[in-house]
Amino acid sequence: MNAQERILARIREALKVPAPKPGSHGHGGHGRDVAPAPVFAFQGRPVQVARSWLPPGGSTPQEHLTRFAAASAELKTDFRCVESESEAHAQLRHIADSEGWARVASHHSPLTDAATAALARPTLFTDGGYVPDELEVCEVGITTCDVLVAQTGSLVVNSRTSGGRALSVLPPHHVVLARKDQLVCDLTDAFQRVEQLHGAHWPSMISLVTGPSRTGDIERILVLGAHGPKKLTVLMW
Amino acid sequence: MSNAAQQFLEAAGTITRNLRHRGLIQTALRKYEVARDRKKSAFNDWSSARQSAAETKWDAINHLDTYLTEFTSKIEARGTKVHWCTTGPEARDTIRGIIKDAKAKCVVKSKAMTAEEIHLNEALEKDGFEVVESDLGEFIVQLRKEPPYHIVFPAMHLTRDEISDLFERELGSAPTREPEELTMIARRALRRKYIQADVGITGANFAIAETGMVSITENEGNARLTAALPRVMVTLLGIEKILPKLEDLALFLPLLATAGAGQTVTGYNTLYGGPRQPGESDGPIEWHVVLLDNRRTELLADPEQRDALHCIRCGACLNVCPIFRNVGGHTYGTTYSGPVGSVITPHLRGLQEWKHLSNASSLCGACTEACPVKIDLHHHLLQNRRNAVGDSPSWIERLAWRAHAFAVNTPALYQFGQEVARIVEPLRLRLQGTPLDPVKSWTRTRDLPPVAPESFKEWWRNRR
Ligand code: SF4
Chain A
1 MNAQERILAR IREALKVPAP KPGSHGHGGH GRDVAPAPVF AFQGRPVQVA RSWLPPGGST
61 PQEHLTRFAA ASAELKTDFR CVESESEAHA QLRHIADSEG WARVASHHSP LTDAATAALA
121 RPTLFTDGGY VPDELEVCEV GITTCDVLVA QTGSLVVNSR TSGGRALSVL PPHHVVLARK
181 DQLVCDLTDA FQRVEQLHGA HWPSMISLVT GPSRTGDIER ILVLGAHGPK KLTVLMW
Chain B
238 MSNAAQQFLE AAGTITRNLR HRGLIQTALR KYEVARDRKK SAFNDWSSAR QSAAETKWDA
298 INHLDTYLTE FTSKIEARGT KVHWCTTGPE ARDTIRGIIK DAKAKCVVKS KAMTAEEIHL
358 NEALEKDGFE VVESDLGEFI VQLRKEPPYH IVFPAMHLTR DEISDLFERE LGSAPTREPE
418 ELTMIARRAL RRKYIQADVG ITGANFAIAE TGMVSITENE GNARLTAALP RVMVTLLGIE
478 KILPKLEDLA LFLPLLATAG AGQTVTGYNT LYGGPRQPGE SDGPIEWHVV LLDNRRTELL
538 ADPEQRDALH CIRCGACLNV CPIFRNVGGH TYGTTYSGPV GSVITPHLRG LQEWKHLSNA
598 SSLCGACTEA CPVKIDLHHH LLQNRRNAVG DSPSWIERLA WRAHAFAVNT PALYQFGQEV
658 ARIVEPLRLR LQGTPLDPVK SWTRTRDLPP VAPESFKEWW RNRR
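Protein sequence lines correspond, in order, to chains A and B. Going by this note's numbering, the first residue of the first sequence is number 1, and it counts up by one from there. Going by this note's numbering, the first residue of the second sequence is number 238, and it counts up by one from there.
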């Protein structure tokens with residue numbers, strides 16, 4: 001028997017005796033030798049049941065937007081909802097000037113290609129591989145995302161269509177370009193959307209990003225930019 | 238008394254008198270409480286959400302064989318190598334083998350309590366590998382050569398001044414009182430390591446059976462970098478981390494973050510389903526998932542306490558525990574401290590050696606109340622006490638209870654006992670707590686109620 005078979009056999013042996021229903025505080029029987037309550041039939045799954053118990057995400061697109069903005073403010077995400085793509089580009093140029101970006105990193109996609117063209121600065125594209133040291137010296141990583149979540153102020157990037165694993169976390173500033181219709185109500189919707197997008201062929205990494213990198217490890221005082229980006233900007237139109 | 242019990246008592250005695258330590262812990266945990274309560278109130282129904290999580294975990298653990306098989310076959314299909322390990326040493330040797338095969342020199346690691354459990358760092362360092370902890374708190378305690386103080390907040394027992402001194406001594410940085418500056422010192426020290434390292438080791442918070450993915454929760458981005466740049470990635474996870482479906486995360490991520498740190502969700506919750514896939518621009522070429530049993534199956538075999546495997550290691554039970562808040566994390570001498578540690582350590586490392594932890598509890602139930610997956614922690618402590626006595630009864634106690642039962646079942650004897658007690662009462666009061674007191678160890682911290690001047694029967698008789 002190999003280790004896998006051995007462990008699985010031990011698990012099957014252990015599970016021959018059923019365990020009491022959760023939350024019954026052991027009142028299904030007392031003592032080790034008394035058979036506990038009969039097997040409990042589990043039915044609830046968050047998507048059907050628990051969703052209504054979680055923090056709400058709002059019910060209209062306008063409410064989603066308000067919630068996302070409020071969550072972003074609390075997380076210290078710089079969220080800007082603008083009228084048009086060209087206005088987003090104007091904002092991007094403005095940030096680039098004020099921060100003095102010399103090297104930009106991004107990946108190829110309709111949204112990012114238009115934005116990097118508008119920026120007109122030396123750009124490292126991560127598609128097809130790159131040298132980590134070259135990415136490390138870039139001041140900003142500009143990516144798209146799969147979906148944004150009103151409930152939590154999060155967004156989802158992945159390793160196939162958002163420029164790889166490191167682009168959104170190695171440079172000190174992460175800029176996300178998004179369309180308004182990518183904003184969904186809550187995590188349940190977000191996972192559903194992600195499954196629709198990638199379920200047939202999963203990328204190797206999918207990351208739910210909520211605010212810039214942070215730590216409270218020193219006296220529980222919040223510091224931004226522990227290892228990942230110190231700044232997270234979301235430009236949406 | 239076991240060695241571990243002796244050490245616990247000594248360490249507890251010292252640290253509870255340390256007012257500086259107490260102040261630090263109380264301040265940190267009060268901050269946590271405020272944040273947690275605020276985030277809890279954002280839930281439409283916190284207690285139903287907990288119940289749902291408990292049921293989901295119940296489902297996962299009680300069909301563990303099915304879900305584990307589903308999980309491993311899915312990740313293997315994407316080119317992941319899965320290693321099943323029965324014991325800690327087995328898992329350690331597996332990981333050492335992977336690192337040797339990769340001809341690695343430098344290893345970066347993100348926070349993993351399972352790695353603490355199997356003492357991975359010591360083993361790797363003995364082999365001559367440089368292992369760098371990348372989580373800020375873990376980085377700090379690693380520099381101090383001590384174990385993490387808390388499963389979620391590893392360095393919460395240190396002040397900024399102590400950390401500044403440490404960095405000055407170990408890294409040669411300039412002293413500072415700014416947490417921001419200190420964080421940046423660590424950031425700079427670790428940046429190069431991510432790029433240089435050949436192997437990245439991570440833990441995991443959940444393993445999703447349906448899609449074949451692990452989910453890693455963090456705030457700093459260090460786990461993401463650890464999983465992005467080195468060419469080999471190793472993920473060590475306990476077999477109990479299973480969740481059936483991807484959408485279960487919609488419930489578990491907010492619960493974990495709210496209960497554990499007072500956040501809606503943590504900064505990065507990242508799913509990994511395989512090594513770099515065709516067409517992707519970066520990520521490890523090899524991904525090894527090391528599945529660890531290490532006596533979890535023994536806990537599984539106890540239906541009464543099986544739900545202890547539902548634990549998502551959020552640390553909430555530690556944070557609310559009056560014992561933890563007084564004796565601190567290091568006193569326990571275990572990988573997992575606080576109520577959950579007291580429940581599972583006897584299963585993982587031996588009941589008789591670790592039964593004293595079940596007594597380090599006021600049975601107030603604050604832990605059970607705080608647990609986001611509704612583990613019945615304080616009842617499990619009671620059950621551990623019962624099992625410890627059942628397995629190895631103390632004859633003195635048995636004799637005492639026999640005698641007591643005989644006396645209270647014999648009215649004449651009981652009556653006589655009362656008379657005697659009343660007569661010796663003044664003497665007892667005088668002796669209480671002095672070296673002559675035969676039950677000193679008990680009365681030192683407790684008051685014996687005074688013997689009533691007359692019994693109820695006598696009172697009733699006199700009243701008529
Ligand atoms: S036992 Fe419950 S409260 Fe304690 S760490 Fe585990 S999940 Fe959290």
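Quick reminder that beta carbons are idealized off the backbone N, C-alpha and C, glycines included.
Burial state of residue i, where buried means 16 or more other Cβ atoms lie within 10 Å
{"i": "A:P171", "result": "buried"}
{"i": "A:G31", "result": "Low per-residue confidence applies at A:G31: pLDDT is 46, beneath 50, and the placement is therefore not dependable enough to give any value."}
{"i": "B:R273", "result": "buried"}
{"i": "B:V527", "result": "buried"}
{"i": "A:A226", "result": "buried"}
{"i": "B:F693", "result": "exposed"}
{"i": "B:F489", "result": "buried"}
{"i": "B:K697", "result": "According to the sequence provided, residue 697 of chain B is Trp. The question's Lys does not apply to it. Exposed is the call here."}
{"i": "B:K294", "result": "buried"}
{"i": "A:V39", "result": "Summary for A:V39: the model assigns pLDDT 47, below 50, so the residue's position carries little reliability, and this model does not support an answer."}
{"i": "A:S204", "result": "buried"}
{"i": "B:K382", "result": "exposed"}
{"i": "A:P36", "result": "With a pLDDT of only 47 at A:P36, under 50, the local geometry of the prediction cannot be trusted, and the value read off the model is given with reservation. Buried, by the Cβ-count rule."}
{"i": "A:A200", "result": "exposed"}
{"i": "A:A115", "result": "buried"}
{"i": "B:V271", "result": "exposed"}
{"i": "B:M470", "result": "buried"}
{"i": "B:R513", "result": "buried"}
{"i": "B:L256", "result": "exposed"}
{"i": "A:P22", "result": "buried"}
{"i": "B:Q542", "result": "buried"}
{"i": "A:T112", "result": "buried"}
{"i": "A:P20", "result": "buried"}
{"i": "B:G365", "result": "exposed"}
{"i": "B:I262", "result": "buried"}
{"i": "A:R10", "result": "buried"}
{"i": "A:F240", "result": "Look at the range of chain A in this structure, 1 to 237, and you will see that residue 240 of chain A is not part of it."}
{"i": "A:V34", "result": "Residue confidence for A:V34 is low, a pLDDT of 45 falling below 50, so the modelled location carries little weight and cannot support an answer."}
{"i": "B:S284", "result": "exposed"}
Element boundaries [beta strand (DSSP E), containing residue i]
{"i": "B:M421", "result": "That residue, B:M421, is in no beta strand (DSSP E); its alpha helix (DSSP H) goes P416 to Q433."}
{"i": "A:D78", "result": "D78 to C81"}
{"i": "A:M205", "result": "M205 to V209"}
{"i": "A:G141", "result": "V140 to T143"}
{"i": "A:M236", "result": "K231 to M236"}
{"i": "B:E370", "result": "E367 to E370"}
{"i": "B:L600", "result": "Per DSSP, B:L600 belongs to no beta strand (DSSP E) and is neither H nor E."}
{"i": "A:V149", "result": "V147 to V149"}
Proximity of residue i and residue j at Cβ, strictly below 9 Å
{"i": "B:C554", "j": "B:A607", "result": "yes"}
{"i": "B:I312", "j": "B:G449", "result": "yes"}
{"i": "B:V577", "j": "B:R550", "result": "yes"}
{"i": "A:L235", "j": "A:V149", "result": "no"}
{"i": "B:A411", "j": "B:E405", "result": "yes"}
{"i": "A:T161", "j": "A:D181", "result": "no"}
{"i": "B:A460", "j": "B:S574", "result": "no"}
{"i": "B:D296", "j": "A:L8", "result": "no"}
{"i": "B:V626", "j": "B:R659", "result": "no"}
Cβ separation of residue i and residue j, assumed to be a contact under 8 Å, to the nearest whole Å
{"i": "B:A644", "j": "B:L636", "result": "About 13 Å; that fails the 8 Å criterion."}
{"i": "A:R165", "j": "B:D519", "result": "5 Å"}
{"i": "B:P583", "j": "B:N531", "result": "Not really, about 14 Å apart at Cβ, beyond 8 Å."}
{"i": "B:I388", "j": "B:G552", "result": "5 Å"}
{"i": "B:L419", "j": "B:I400", "result": "6 Å"}
In DSSP terms, what residue i is bridged to
{"i": "B:L480", "result": "B:I445"}
{"i": "B:N456", "result": "Note: B:N456 sits in no beta bridge, so no partner."}
{"i": "B:V319", "result": "B:V526"}
{"i": "B:I438", "result": "B:K346 and B:V471"}
{"i": "A:H174", "result": "A:G141 and A:L232"}
For residue i, the first and last residue of its enclosing alpha helix (DSSP H)
{"i": "B:C604", "result": "A603 to A607"}
{"i": "B:K346", "result": "Run containing B:K346: none in the alpha helix (DSSP H); it sits in the beta strand (DSSP E), C343 to K346."}
{"i": "B:K677", "result": "K677 to T680"}
{"i": "A:F125", "result": "From DSSP, A:F125 is part of no alpha helix (DSSP H) but of the beta strand (DSSP E) over T123 to F125."}
{"i": "B:S289", "result": "W283 to N299"}
Test: residue i CB closer than 9 Å to a CB of chain C
{"i": "B:W632", "result": "Of the protein chains in this structure, namely A and B, none is chain C."}
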